[in-house]
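Structure first, commentary second.
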Amino acid sequence: MTQKKTDPDSRSSTQDSEPCQPAAVGRKRDPGLDEKILQATVDALADLGFDGMTMDMVAARGKAGKAALYRRWPSKTMLVKDALIWMSRKHLLPGSLPDTGNLRNDLLALIKPQSIQEGQRKLQVLAGLGSFWKQEEIAETGVTEIFEPWAEANRQLIQRAIKRGEISDRAEVDQACKVISAMTSYRSLIERKTADRDFFVSLIDCVILPSLLNPPVDTAAKKKKNSEPKRKGSS
């Protein structure tokens, strides 16, 4: 009787999609190990792309047991999503939000300076995502959730500028945050260029600030005012 051979590639794929048993109750999670695994995932994505990396590879690079990996992330897709969110958060300066007293300077101060090597590495990660975007767990949120840490930081800076009277409370805050994320995604994913400081200066000065400083007219209120009957003697 001949023994059936197993395709190692198909075995790795099955292992990547099958979660292990949940962690024992009361077992503490090591945040230091989490960060090592996420960094290992980013490195694997840069070197091999989403379709080429496996959970086994990440476990080996992060010096983590495979059971520990699956306790944290039930699938490769969810692991990669969290690694991209972590990478996005690392692009921001750590600690409290900048407070220069000026929205433009705040938005620019939020961005963490990075070397050319770091920028190129990030481009490699994004360029190698491949079928990641087609996964069911990602289809609904797309890049929105991945860039959310950065979008939330921008949102807080803009809201603070509204409170100090720098821009109108009619400013389209969420729209501005979405534009920043969308333009950065386009720069990285479509143009395959690094989102450097010059790019952000141009984006903030030419797109974001003009839109915030010149909010759309409240058309509903304008129509109501125009529909009101004019008083006698008014022109």
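In the working numbering, the protein residues as written are 17 to 251.
By construction, the Cβ of each residue, glycine as well, lies at the ideal position given by its N, Cα and C atoms.
Rounded to the nearest whole angstrom, the CA to CA distance from Lys-194 to Ala-125 is 19 Å.
Between the region 221-232 and the region 177-196 there are three or more C-beta pairs closer than 8 Å, enough to call the two in contact.
For Val-141, same chain residues with a beta-carbon under 8 Å away, outside a window of 5 residues either side, are Val-58, Leu-61, Ala-62, Leu-100, Met-103 in chain order.
Taking the Cα of Pro-232 as reference, the smallest distance to any Cα among Arg-213, Val-223, Ala-198, Arg-186 is reached at Arg-186.
Look at the region 60-114 and you find these whole runs of alpha helix (DSSP H), each 4 residues long or longer: 71-77, 82-88, 92-106.
Contact annotation: Val-96 and Phe-148 have beta-carbon atoms nearer than 8 Å. DSSP, reduced to helix, strand and coil, places Ile-183 outside both helices and strands of the structure shown, so it counts as coil.
Annotation: the continuous alpha helix (DSSP H) that includes Gln-191 extends over 189-201. With fewer than 16 other Cβ atoms inside 10 Å of its own Cβ, Asn-121 counts as exposed. Between the C-alpha atoms of Thr-116 and Met-199 there is a straight-line separation of about 24 Å.
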